[in-house]
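Asks: In my numbering, the protein residues as written are 39 to 296.
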């Protein structure tokens, strides 16, 4: 029996962060639409509704949702790249570790390896007494931009601790990542410590890797003050790793999403 014909040779999975919204990452899909590259921009478990829906959700669920979205994308595209912001950056690296066969590139933007808030180490001690944590408006370079945020303003303490556990699980496994990887971070990030980028870059086992710094952006790098330059970097890396026959793609736009 003949193999089914795939709609496109190359697609891109785009993943949001913890408590975030699709609006924080859809600019990547918008950019790639100009190159007729299909994108999948899924909601990860517990997001897109209300903070209470994150209760009982762990990093295993976020990874499972991303892996299912990748399967759907690869049902229509021969190969793919994964772009992830913050928690989505960890998931992107995890996919590169566990599912490298048809992945051509990974972009981890402000990957959530180390929290920047000075009180973050105290969260395990207060967890028995506080079911929810406030999400401070620290993700943007200016307060005027922060007012545009569409994510949750609070999250279950257990979900935050699961993200921390995810980072601890993933970090020692980074030398096993062989997919070409771009790490992007801002030195002004007040949510995820910039040291996250250098630690990830140093540990990656891929022969082809790059670390790109920005100076003024907040954590929401794809929609903040340097968004155009950040998107340029992401777009350049994704396009550089598309297969040779990808230039013949004729259809674009999200293949899955909200």
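For glycine and all other residues, C-beta sits at the position ideal for the given N, C-alpha and C.
Per DSSP, residue 153 forms a beta bridge with which residues?
Replies: By DSSP's assignment, residue 153 forms a beta bridge with 230.
Asks: Quick one: any contact between the region 214-222 and the region 243-257, if contact means 3 or more CB pairs under 8 Å?
Replies: yes
Asks: Just how far apart, CA to CA, sit residue 159 and residue 193?
Replies: 17 Å
Asks: Is the region 240-247 in contact with the region 260-269, if contact means three or more CB pairs nearer than 8 Å?
Replies: Result no; under three Cβ-Cβ pairs closer than 8 Å.
Asks: What does DSSP give as the partner residue(s) for residue 251 in the beta ladder?
Replies: Residue 251 pairs with 223.
Asks: Over the uninterrupted alpha helix (DSSP H) stretch that includes residue 126, give me the two end residues.
Replies: Run containing residue 126: 125-136, per the alpha helix (DSSP H) assignment.
Asks: For residue 94, count neighbouring Cβ atoms within 10 angstroms of its own Cβ and tell me buried if that reaches 16, exposed if not.
Replies: exposed
Asks: In whole angstroms, what is the alpha-carbon distance linking residue 296 and residue 138?
Replies: Per-residue confidence for residue 296 stands at a pLDDT of 42, beneath the threshold of 50, marking its modelled position as unreliable; the derived number appears in the next sentence. Computed Cα separation, rounded: 26 Å.
Asks: Leaving out five residues before and five after residue 89 in sequence, what residues of the same chain have Cβ atoms less than 6 Å from its Cβ?
Replies: 190, 192 and 193
Asks: In angstroms with no decimal places, state the Cα-to-Cα distance between residue 282 and residue 86.
Replies: 36 Å
Asks: Would you decide whether residue 100 is buried or exposed? Buried here means 16 or more other CB atoms lie within 10 Å of its CB.
Replies: Around the beta carbon of residue 100, 16 or more other beta carbons sit within 10 angstroms, so the residue counts as buried.
Asks: Rounding to the nearest angstrom, what Cα-Cα distance links residue 304 and residue 255 in this structure?
Replies: Summary: the structure shown does not reach residue 304, with the chain confined to residues 39 through 296, and so no result is reported for it.
Asks: Who are the Cβ neighbours of residue 141 in its own chain at under 8 Å, not counting the five residues just before and after it?
Replies: 117, 118, 119, 120, 133, 134 and 217
Asks: Compute the beta-carbon to beta-carbon distance between residue 131 and residue 186, rounded to the nearest angstrom, for a pair I have assumed lies under 8 Å.
Replies: In fact, because the Cβ distance is near 28 Å, the residues do not count as touching under 8 Å.
Asks: Find out if the Cβ-Cβ distance for the pair residue 164, residue 198 is shorter than 8 Å.
Replies: no
Asks: Candidates 275, 181 and 46: which alpha carbon is nearest residue 262's?
Replies: 181
Asks: Does DSSP classify residue 178 as helix, strand or coil?
Replies: Looking at residue 178 - three-state DSSP - the assignment turns out to be coil, as it is neither helix nor strand.
Asks: Just reading off the beta strand (DSSP E) that residue 76 is part of, what are its end residues?
Replies: 76-78
Asks: Just how far apart, CA to CA, sit residue 123 and residue 55?
Replies: The alpha-carbon separation between residue 123 and residue 55 amounts to approximately 5 Å.
Asks: From the DSSP output, in three-state form, read off residue 121 for me.
Replies: strand
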